[in-house]
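Per this note's numbering: the sequence shown ends with 451, consecutive numbering throughout. So the structure is just underneath, and the comments pick up after that.
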Amino acid sequence: MIKKVLIANRGEIAARIIRTCKRLEVKTVAVYSEADQNAPFVSMADESYLLGPPRVNESYLNVDKIMSIAKEAGVDAIHPGYGFLSENGDFAERCQKEDITFIGPSSEIIRKMGSKIAARDAMQEAGVPVVPGTDGAVSDAQEAVEIAKDIGYPIMLKASAGGGGIGMQVVRSDEELTKAFESNSKRAQNFFGDGAMFMEKKLENARHIEIQLLADHHGNVIHLFERECSIQRRNQKVIEEAPSSFISESTRKEMGEAAVRAAKSLGYTSAGTIEFLVDEKENFYFLEMNTRIQVEHPITEEITGLDIVEKQLDIANGSPLTVSQDDLRIDGHAIEARIYAEDPVTFFPSPGHIASFNTPEGENIRNEVAVKSEYDVTPYYDPMIGKLVVKGSNRNEAIALLKEALSSYIVEGIKTNIPMLTHIAASDAFKEGNTTTAFVEEIYLPEIKSK
């Protein structure tokens, strides 16, 4: 049984993992960079160790240092959270070689799903619909232009490796594709060490809807329903909901079954997420698989009553799932708003000193935070400083609580996207559930610029 866990991450997800571990009486070890020495998660852990300078390659991506600390602290397991090393197959394999449990799937599955091309092939083998596009890497811009004649514009150009919108761009002509191919390939190579590119048909007016999975080592796989994640800026999510107000019960069932089928075909274990694009007629297509816990996992926890981190630990311990698909029911409606230290119009990061930080409190309000008052937000990491999660008995109640909570969310000293979130929460389009992936570009920004 796991008795001591090192969290190879930072910020709100490190704090989130520590809370569950404490409740389960599992000891925790935090690792931190020089920039994070005063971060809340550092003092929450039972033990904390300095990794090194702020830059990620010298701290949170420094595998040798992390493993050295793990051995010194005598941990049984490592939880990677999300981002950083969470989807690094080599890191998962290193843990296995060092006889330390990696809280996640096998290194082989991480590598397979980390390649969008390999993942696409695997989904087709499992009978899961995929977006029309290339089945392998495209060699160069000239070949891309030739292939585009068959796919038809608009096209989504994507890097095979990585995530977070890096190496991804919508193109609408041969000229745009030619320019974008080389620059995105180079960017992917620099970020992920893999410049392979592929192309998919860009689905207009699509929604980004994902299915949360849990799979144990005994062949049991369940889904925890869906999350609506369509409101995004720069291909990164801003507001998420569970369940989706758009899809029907029959589509919900079909998507859940497809996700479970995919996980079983892979021999997947731990928590994972299958992301889909859904068109106006509720046709759904595989987008990618995330082999880790998601930023937006709290809204699934709120509507199911399950602690996903606890389930990850149970699975890593070799325990079978204690809940079946038939046991699960959707209870109410939950919404998560990501709080970013950034300009609410340009989306440029806004690092600096937080003079005052106060979160809204009350029934059905949940805060996941990475900062505190008198804290310095640095430019070294993702600008998300917190997540506001609310739950209502229905969607309208959840929206009303979200608006109320945002009005009392205080961050002084830096710019945040709270004005953006407030505007979206109050908009008619959001209230009506008109939340496609084009929401920010076609609804939010035009409304802001018209004022």
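Ideal Cβ positions, reconstructed from N, Cα and C, are used throughout, including at glycine.
Separation of the CB atoms of Ile18 and Ile7 is rounded to 7 Å, and the pair is thereby assigned contact status at 8 Å. Contact between Glu368 and Arg16 holds, since their C-beta atoms are separated by about 6 Å, short of 8 Å. In the displayed model, His217 falls within coil according to three-state DSSP, outside both helix and strand. Linking Ile414 to Pro54 through their CA atoms gives a straight-line distance of about 20 Å.
Judged by beta-carbon spacing, Lys201 lies within the 8 Å limit of Gly133, meaning their Cβ atoms are closer than that value. Boundaries around Asn396 are those of the alpha helix (DSSP H), Arg395 to Ser407, since no beta strand (DSSP E) includes it. One Cα belongs to Ile443, the other to Asn434, and the distance between them is close to 10 Å.
Here the C-alpha atom of Arg329 lies approximately 11 Å from the C-alpha atom of Pro243.
Distances from the CA of Ser59 to each of Val75, Pro40 and Asp36 were compared; the closest alpha carbon is that of Asp36.
Here Arg120 is buried. Its C-beta has 16 or more other C-beta atoms within 10 Å. In terms of Cα proximity to Asn394, the closest of Glu302, Asp326 and Lys97 is Glu302. In this model, Asp46 and Met67 are separated by some 18 Å (Cα to Cα). The continuous beta strand (DSSP E) containing Phe284 extends over residues Phe284 to Asn290. By the neighbour-count criterion, in which a residue is buried when 16 or more other Cβ atoms sit within 10 angstroms of its Cβ, Val170 is exposed.
Under the DSSP definition of a beta bridge, Asp376 partners with His353. In this chain, the beta strand (DSSP E) harbouring Lys4 covers Lys4 to Ile7.
Per DSSP, reduced to three states, the secondary structure at Tyr49 is strand. Out of Thr416, Val390 and Leu406, the CA that lies nearest to the CA of Val377 is found in Thr416.
It is roughly 12 Å from the alpha-carbon of Thr300 to the alpha-carbon of Cys229. Check the Cα spacing between Lys391 and each of Lys158, Ile365 and Leu61: the tightest is with Ile365.
Listed as beta-bridge partners of Thr273 by DSSP are Gln212 and Asn290. Residue burial annotation: Asp331 is exposed, with fewer than 16 other C-beta atoms found within 10 angstroms of its C-beta. By the 16-neighbour rule on beta-carbons within 10 angstroms, Pro379 is exposed.
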